[in-house]
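Take the position in the sequence shown, starting the count at 1, then add 283; the result is the number in the working numbering.
Presented below is the structure to which this report refers.
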Amino acid sequence: MCTKYSILIAEDDAVMRNVIKVSLERNGFRVEAVGDGMAALHGFGEGHYDLVILDIRMPEMDGYELCRQLRKRTTVPIIIVTSESDIDDVVSGYELGADIYVTKPFRPNELVLRVEALLRRVEVGKQQNDEDRLLAGTIVVNRTTHQVLVDNTEIELTPNEYSMLCYFMEHPNLPISKDELLREVWGYTEEDDANLLRVTVRRLRAKIEPVPSDPTYLQTVRGIGYVFVTS
284 MCTKYSILIA EDDAVMRNVI KVSLERNGFR VEAVGDGMAA LHGFGEGHYD
334 LVILDIRMPE MDGYELCRQL RKRTTVPIII VTSESDIDDV VSGYELGADI
384 YVTKPFRPNE LVLRVEALLR RVEVGKQQND EDRLLAGTIV VNRTTHQVLV
434 DNTEIELTPN EYSMLCYFME HPNLPISKDE LLREVWGYTE EDDANLLRVT
484 VRRLRAKIEP VPSDPTYLQT VRGIGYVFVT S
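See the structure below:
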């Protein structure tokens, strides 16, 4: 990865914070690391960052609130790194807009690979041709600018939500399995990530569907996965 990418780390454990920081720097990233949520929020406002890695249990402001505040002002990828393994905590992170949830302990190289995959996906979207647009009903996606319009109103999507919408719109009216979505959108398939998929689908429906509880576009195919209906 090129050093043009800057990453903000919010982790109150000094040892873990340093492990993550050193691992990323060795792979060519510019890294700023802080020990609490308030410092992270202030730092994000003062600088330019391409991705944020945050812990849940932090002083001043916990990771959930930090994630919520960041999502009000940015769509950059957010990775939650925590010892929390309870399913409700995992889902809460995803519902607030986190892109990936990594549970401690983990191998530093695993986290680096996740970071690279997220940034690569964002970069690919930026390199699309100016005329590269996706259309479905009242939904318009400009893959050059990442602008998404629904009923002529611009909506904000996280990187995962945006990538998922593009993948569905590129494969209209075709049932897509959950494993395929995890593989093609996130770049890997792990059993725990079924929760990430489910939450991302729910969040995407809330943003693009006229009636999210009775979806017009993004419909469930029982026993298989989902289908994006355009006709």
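Beta carbons: idealized from backbone N, C-alpha and C, even for Gly.
Just so we're clear, the structure is a prediction, and the values are computed from it rather than from any experiment.
For this session: Using the Cα positions of Ser460 and Tyr509, report the straight-line distance between them to the nearest angstrom.
Result: 7 Å
Problem set entry | Cβ neighbour criterion (16 or more within 10 Å) applied to Arg488 | Buried, because 16 or more other Cβ atoms sit within 10 Å of the Cβ of Arg488.
Exercise. Is it the case that the Cβ atoms of Leu501 and Val484 are separated by a distance below 8 Å?
Worked result: yes
Exercise. Where Val385 and Phe451 are concerned, what is the direct C-alpha to C-alpha distance, given to the nearest angstrom?
Worked result: 26 Å
For this session: State whether the region 301-311 contacts the region 345-353, with contact taken as three or more CB pairs (one from each stretch) at a distance under 8 Å.
Result: no
Exercise. Who are the near neighbours of Glu492 in its chain, counting only those whose CB is closer than 8 Å to its CB and skipping five residues on each side?
Worked result: Pro498, Thr499, Tyr500 and Leu501, listed in sequence order.
For this session: Let me know the secondary structure DSSP gives Glu437 once reduced to three states.
Result: strand
For this session: Apply the 10 Å Cβ neighbour rule to Thr365 and answer buried if 16 or more other Cβ atoms are within range, or exposed otherwise.
Result: buried
For this session: Tell me, please, whether the region 295-305 touches the region 380-396 by the rule of three or more beta-carbon pairs shorter than 8 Å.
Result: yes
Exercise. Under the three-state reduction of DSSP, which class applies to Leu349: helix, strand or coil?
Worked result: If DSSP states are grouped into helix, strand and coil, Leu349 belongs with the helices.
Exercise. For Tyr500, which three-state DSSP category applies?
Worked result: In the three-state scheme derived from DSSP, where H, G and I count as helix and E and B as strand, Tyr500 is classed as coil.
For this session: Would you kindly work out how many angstroms separate the C-alpha atoms of Thr357 and Ser289, rounded to a whole number?
Result: 15 Å
Exercise. So, helix, strand or coil for Ser375, using DSSP?
Worked result: Residue state, collapsed to three classes: helix.
Exercise. Candidates Ile362, Val317, Thr428 and Asn425: which alpha carbon is nearest Lys387's?
Worked result: Ile362
Exercise. Quick one: what's got a C-beta closer than 8 Å to Ala322's C-beta in the same chain, skipping five residues either side?
Worked result: Ala293 and Glu343
Exercise. Who are the near neighbours of Glu444 in its chain, counting only those whose CB is closer than 8 Å to its CB and skipping five residues on each side?
Worked result: Excluding positions up to five away in sequence, the list reads Thr483, Arg486, Leu487 and Lys490.
Problem set entry | Cβ-Cβ separation, Leu396 to Ile383 (assumed contact under 8 Å), whole Å | The pair is not a contact, with the Cβ atoms about 11 Å apart (cut-off 8 Å).
Exercise. Since Ala419 is in the beta strand (DSSP E), which residue starts that stretch and which ends it?
Worked result: Start and end: Arg416 to Ala419.
Exercise. Based on the DSSP output, what are the partners of Arg313 in its beta bridges?
Worked result: Ser289
Exercise. Assuming Leu480 contacts Leu464 under a Cβ cut-off of 8 Å, what Cβ separation, rounded to an integer in Å, is found between them?
Worked result: 6 Å
Problem set entry | Contact belief for Pro360 with Leu334 at Cβ below 8 Å, rounded distance in angstroms | 5 Å
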